[in-house]
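Data first, discussion second: the structure below is written as structure tokens.
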Amino acid sequence: MIVRAPGKLVLSGAYAVLEGAPALVAAVDRYVLADPARPAALVTEEVQAAIDAGALDAAAWFDASALRSAAPEPPLASPGAPPREASRKLGLGSSAAILVATLAARAAAASEARAARASTEDRRAPAWDPRALFLDALAAHRRAQGGGSGVDVAASVYGGVLCCRLGPGGELDVAPHALPGGLVIEVFASDASARTSAMLERVRALAAREPEVHRALLGAAAEGARAAIEAADARALVAALDRQVDALAELGDRSGAPIVTPALRRLRSAAAAEGAAITPSGAGGGDVSLFVGGAPPSTAWLAAAREAGLERVPMSLGAPGVHVLDAAPPLPA
1 MIVRAPGKLV LSGAYAVLEG APALVAAVDR YVLADPARPA ALVTEEVQAA IDAGALDAAA
61 WFDASALRSA APEPPLASPG APPREASRKL GLGSSAAILV ATLAARAAAA SEARAARAST
121 EDRRAPAWDP RALFLDALAA HRRAQGGGSG VDVAASVYGG VLCCRLGPGG ELDVAPHALP
181 GGLVIEVFAS DASARTSAML ERVRALAARE PEVHRALLGA AAEGARAAIE AADARALVAA
241 LDRQVDALAE LGDRSGAPIV TPALRRLRSA AAAEGAAITP SGAGGGDVSL FVGGAPPSTA
301 WLAAAREAGL ERVPMSLGAP GVHVLDAAPP LPA
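In terms of the numbering used here, the sequence shown has 228 at position 228, counting the first letter as 1, and numbering is strictly consecutive.
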């Protein structure tokens, strides 16, 4: 039995979601695979947190390579040796997807074992309760990462495109959201990457050092996030995203966190000329960025993006949430 959980892209609401603003997050058709019948080769901090909390009996084997990008390592020290291929994260929420896939895979295995001993009626029972799975994964993910909104967990569990709001008690309200018609979203991977936790630490330091500045910038980002939820067409959504990028760029400048990278800054005017926005997905600092508009990027814009170190990554948004594969693809040995 193979279970797979999708990765995610944050479309809107980065940073501001932690202050209660709505965030838009989409599951993507790149998945973590988990097999409870195979021993775990690696136990992530999030999976260990779920085990420690009693939400998980054991880890499971997983493959998260679809949520990573090949990246050449420096050549080996021995003369004439070819360079090895490594991989780096794309910022698609791999830690959350690994956790969700593992929890679901172990639940499915337990359900299958019970069904083998049960009546025909019991065999039709679902392998897991999505709400319970979500809450277990959210708690373990936050425990391992020291907090966070949990929107990546929501995307992996429920799939689709979601509007997520963080409540005052830390609860995360999740609801399906319809994006405007005629919208084009293209995904680009950067040759730079950043740790979300490190970015958040710098922004929190700004909040402690200059609380009024932090409050004003997150307030501006929150206004853009609310406008994105209300956007009825592609043009309105692009305008809402641009407002957020303006605020996040200054937030990064003031905190010393490269939320909006120099490459994105160079490409913004060219995107605007095409009626589009170019925005970091999630915490920024590299990883993946989004071209959002009413039409695909032009050949000239794509060339400028390549020159800036951005590589187009094919993927579709709105993928289904965690599920058991009926026909599992072949797995590596």
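Heads up, the beta-carbon is just placed ideally off N, CA and C, and yes, glycines get one too.
| request: Have a look at G160 and Y31 and give me their C-alpha separation to the nearest angstrom. | output: On the sequence shown, residue 160 is found 160 positions in, with the first residue counted as 1. On the sequence shown, residue 31 is found 31 positions in, with the first residue counted as 1. Approximately 13 Å between the Cα atoms of the pair.
| Are three or more beta carbon pairs between the region 212-224 and the region 234-252 nearer than 8 Å? | yes
| message | Quick check: the Cα distance between L237 and A231, rounded to an integer number of angstroms? | response | Along the sequence shown, one-based indexing puts residue 237 at 237. Along the sequence shown, one-based indexing puts residue 231 at 231. Cα-Cα distance, rounded: 5 Å.
| query | CB-CB under 8 Å to A271, same chain, minus the five flanking residues each way: which ones, in chain order? | reply | Counting from 1 along the sequence shown, the entry for residue 271 is found at position 271. Correct list, in chain order: A277, I278, F291, G293, P297 and W301.
| query | Quick one: what's got a C-beta closer than 6 Å to D63's C-beta in the same chain, skipping five residues either side? | reply | Start at 1 with the first residue of the sequence shown, and residue 63 comes out as number 63. Cβ within range, chain order: L33.
| said: Does the region 185-200 come into contact with the region 93-106, if we say contact requires no fewer than three beta-carbon pairs (one atom in each stretch) closer than 8 Å? | reply: no
| query | Can you name, in chain order, every residue of its own chain whose Cβ lies under 8 Å from the Cβ of I229, other than the five neighbours on each side? | reply | Along the sequence shown, read from residue 1 onward, the residue named residue 229 stands at position 229. Answer for I229: S12, P22, L24, C163 and H177, listed in chain order.
| To the nearest angstrom, how far is it from the Cα of P168 to the Cα of L138? | Translated into positions along the sequence shown, residue 168 becomes position 168. Translated into positions along the sequence shown, residue 138 becomes position 138. Cα-Cα distance, rounded: 16 Å.
| Which residues mark the beginning and the end of the beta strand (DSSP E) in which G252 is found? | The residue given as residue 252 occupies position 252 in the sequence shown. Premise fails: G252 lies in the alpha helix (DSSP H), A234 to S255, not in any beta strand (DSSP E).
| Nonlocal neighbours in the same chain, by C-beta distance under 6 Å from A319, ignoring five residues either side | Stepping through the sequence shown from its first residue, residue 319 is reached at position 319. So the list reads P6, A27, V28, D29 and G159, once near-sequence residues are dropped.
| task | Output the distance between the C-alpha atoms of A101 and A144, rounded to the nearest integer angstrom. | result | In the sequence shown, counting from the first residue as 1, residue 101 sits at position 101. In the sequence shown, counting from the first residue as 1, residue 144 sits at position 144. Distance between the alpha carbons of A101 and A144: 16 Å.
| task | Starting from F291, follow its DSSP beta bridges and name the residues at the other end. | result | Along the sequence shown, one-based indexing puts residue 291 at 291. Looking at the DSSP assignment, F291 forms a beta bridge with E186 and I278.
| task | Rank G181, S149, M1 and P180 by C-alpha distance to the C-alpha of A16 and give the top, closest one. | result | Position 16 of the sequence shown, counted from the start, is the residue given in the question as residue 16. Nearest C-alpha to A16: S149.
| query | Which word fits E186, buried or exposed, when buried means at least 16 other C-beta atoms lie within 10 angstroms of its C-beta? | reply | For the purposes of this step, residue 186 is taken as residue 186 along the sequence shown, with counting starting at 1. That one is buried.
| request: Classify H323 as helix, strand or coil using the three-state DSSP reduction. | output: To locate residue 323, count along the sequence shown from 1; it is residue 323. Reduced to three states, the DSSP call for H323 is strand.
| task | Determine the DSSP secondary structure at L76, reduced to helix, strand or coil. | result | Here residue 76 refers to the residue found at position 76 when the sequence shown is read from its first residue. For L76, the predicted model reports a pLDDT of 36, less than 50, meaning its position is unreliable; a value from the coordinates is still stated below. The answer is coil: DSSP assigns L76 none of H, G, I, E or B.
| said: Looking at R202: is its Cβ nearer than 8 Å to the Cβ of S269? | reply: Translated into positions along the sequence shown, residue 202 becomes position 202. Translated into positions along the sequence shown, residue 269 becomes position 269. For R202 and S269, no; Cβs fall outside 8 Å.
| Looking only at DSSP bridge pairs, what is Y31 linked to? | Here residue 31 refers to the residue found at position 31 when the sequence shown is read from its first residue. Looking at the DSSP assignment, Y31 forms a beta bridge with P6.
| request: Pick out the complete alpha helix (DSSP H) segments inside the region 92-174, 4 residues or longer, and give them in chain order. | output: 94-116, 120-123, 130-145 and 151-158
| message | Taking its Cβ as the centre, do 16 or more other Cβ atoms sit within 10 Å of G54, making it buried, or is it exposed? | response | On the sequence shown, residue 54 is found 54 positions in, with the first residue counted as 1. So G54 ends up on the exposed side.
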